[in-house]
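Data block below; observations after.
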Amino acid sequence: MIQYITENCDQIIQWKCLESKIESQRIHYGRFAIAPLNRGQANTLGVTLRRTLLADLEGISITSVKFENIKHEYSTLIGIRESVQDILLNLKEIVFQGIPKKTQKGFIFVKGPKKITTADIRTDPCIQVIDSNQIIAHLTESIDFRIELTIEKSCGYRLQDERELPQGVFSVDAVFMPVRNVNYSIHPIEQRGDLKKELLVLEIWTNGSITPKEALYQTSQKLLNIFLSLAKFSESKLEVKDKVNFFARKKEEIFLTQSYKSKISLKHEIPNDLPYKDILINKLELSARAYNCLKSAQVNTLFDLLNFSQEDLLKIKNFGKRSAQQVIDALEKYLNIKFSKKTSEKFWLQLKK
């Protein structure tokens with residue numbers, strides 16, 4: 001067991017970058033130490049930082065590709081060495097950086113014979129390619145190659161769109177996570193022969209769009225905002241009787257609020273001072289698919305979720321019946337919230353099919 005010896009462990013918690021290196025254009029590595037921590041705090045902090053680094057930081061990825069004169073992904077491409085599937089896989093691996101304010105379009109217009117790389121992508125100046133030497137395809141004949149890319153910024157990852165797309169358009173399993181991997185280890189700090197404190201060593205690998213130090217800073221800011229909101233919370237808003245009375249009065253009206261990208265007239269609205277604004281949806285322990293679909297629809301807290309009717313859940317992109325049932329079961333299991341069949345009869349019939 002590695003022991004870090006210090007004479008004074010009563011100072012404030014500090015962090016230090018132990019190592020930082022660029023392994024390749026798409027792999028940046030950083031190793032950090034955080035100390036002194038009380039026993040048990042290092043593991044709590046390590047788990048929290050790791051989950052936030054991997055799940056909550058935003059990144060940029062290609063989400064769909066439009067080919068010219070291609071009917072389906074198994075079409076034969078004359079004059080191109082790669083298949084459509086190979087090209088889609090290569091496009092999936094491209095890493096971007098920048099600050100796009102909305103969905104962006106990228107284009108590749110080239111003439112063969114030629115080796116197509118990410119340097120051939122034409123995009124808005126607000127985003128750039130990290131590795132300009134990354135190979136996309138090889139043109140073996142004198143042909144025109146034209147594709148259009150849809151580029152978005154989000155968190156986590158997004159599976160291929162299961163809906164029917166226009167001819168020649170193919171969705172891509174998008175990986176938005178700028179942090180590729182996180183490891184942490186805990187080491188005792190010896191103070192005058194007594195092991196009272198701990199040191200946390202955190203290792204971070206990023207895809208090059210941000211540095212490990214920037215990733216750690218962004219994560220710390222996100223966690224700080226959460227804890228600050230809890231610190232400012234008044235006890236009067238957390239009274240159990242208020243929560244019980246609220247659901248007794250409005251359990252059938254709570255799901256008649258604003259639907260996904262549509263307005264519904266209301267007789268009653270959910271009060272803005274409900275504590276559910278500060279309960280994140282990851283507390284429901286949903287599957288990765290259901291969680292990421294909700295996040296893509298800007299559903300981050302329980303308050304956001306309760307602003308959706310049951311029918312609205314099925315309108316969310318890639319959110320199927322199984323995911324909807326997971327939400328229903330989780331709300332009933334953890335919060336004792338039951339969806340009203342009376343206000344959502346159509347939704348329940350769909351689930352039974």
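Numbering follows full-length UniProt numbering, in which position 303 of the sequence shown is assigned residue number 303; successive positions increment by one, without gaps. Beta carbons: idealized from backbone N, C-alpha and C, even for Gly.
DSSP, reduced to helix, strand and coil, places Ala174 within a strand of the structure shown. For Lys92, the enclosing alpha helix (DSSP H) starts and ends at Val84 to Lys92. Linking Asn292 to Ile151 through their CA atoms gives a straight-line distance of about 17 Å.
Look at Asp120 here: in three-state DSSP terms it is helix. If you check the CB distance, Lys16 and Ala33 come in under 8 Å. Taking the Cα positions, Thr76 is about 7 Å away from Ser83.
Relative to the Cα of Asn38, the nearest Cα in the group Leu228, Ile189 and Ile328 belongs to Ile189. Across the structure, Asn282 and Asn183 are spaced so that their CA atoms are roughly 21 Å apart. About 13 Å separates the beta carbons of His187 and Glu203, which is beyond the 8 Å limit, so they are not a contact pair. Taken in chain order, the complete beta strand (DSSP E) segments of 3 residues or longer contained in the segment 92–165 are 96–98, 104–111, 114–117, 127–129, 135–139 and 144–155. Remark: fewer than three beta-carbon pairs, one from each stretch, lie closer than 8 Å, so the segment 168–179 and the segment 105–121 are not flagged as touching.
In the DSSP secondary-structure assignment, His28 is bridged to Ile22 and Thr206. The straight-line gap separating the alpha-carbon atoms of Pro212 and Val95 is approximately 15 Å.
Excluding sequence positions up to five before and after Asn318, its CB lies within less than 7 Å of the CB of Leu159, Asp161, Glu162 and Cys293, all in the same chain and listed in chain order. Distance between Ile143 and Lys71, taken at the CA atoms: about 18 Å.
Distances from the CA of Leu335 to each of Val110, Leu302 and Lys105 were compared; the closest alpha carbon is that of Leu302. Between Ser20 and Gln97, the CB-CB gap reaches or exceeds 8 Å. Between the C-alpha atoms of Leu18 and Leu216 there is a straight-line separation of about 14 Å. Distance from the CA atom of Asp329 to the CA atom of Leu223, rounded to whole angstroms, is 28 Å. By alpha-carbon distance to Lys115, the top candidate from Thr52, Ile337 and Gly79 is Gly79.
Judged by DSSP in its simplified three-state form, Phe67 adopts strand. In the same chain as Gly106, and ignoring 5 residues on each side of it, the C-beta atoms closer than 7 Å to its own belong to Ile121, Arg122, Thr123, Leu149 and Ile151, in chain order. Around the C-beta of Lys101, fewer than 16 other C-beta atoms lie within 10 Å, and the residue is accordingly described as exposed.
The alpha-carbon of Gln167 is positioned some 11 Å away from that of Val65. Counting along the chain, the unbroken alpha helix (DSSP H) around Leu228 starts and ends at Pro212 to Ala231. The DSSP-derived three-state label of Gly40 is coil.
In terms of CA proximity to Thr52, Cys155 leads the group Ala231, Cys155, Asp304 and Lys321. Restricting attention to Ser220, Tyr157 and Phe109, the CA atom closest to the CA of Thr48 is found in Ser220. Closest option to Asp131, judged by alpha-carbon separation, among Gln85, Phe145, Phe67 and Arg26: Arg26. For the pair Thr117 and Ile136, the CB atoms are nearer than the 8 Å cut-off. Residue environment: Arg50 is assigned as buried (16 or more neighbouring CB atoms within 10 Å of its CB, all protein chains considered). Pro113 is classed as exposed because its beta carbon has fewer than 16 other beta carbons within 10 Å across all chains shown.
DSSP links Asn181 through a beta bridge to Trp205. Annotated three-state conformation of Ala297 is coil, per DSSP. The residue from Asn133, Ala35 and Arg322 with its alpha-carbon nearest to that of Ala288 is Arg322.
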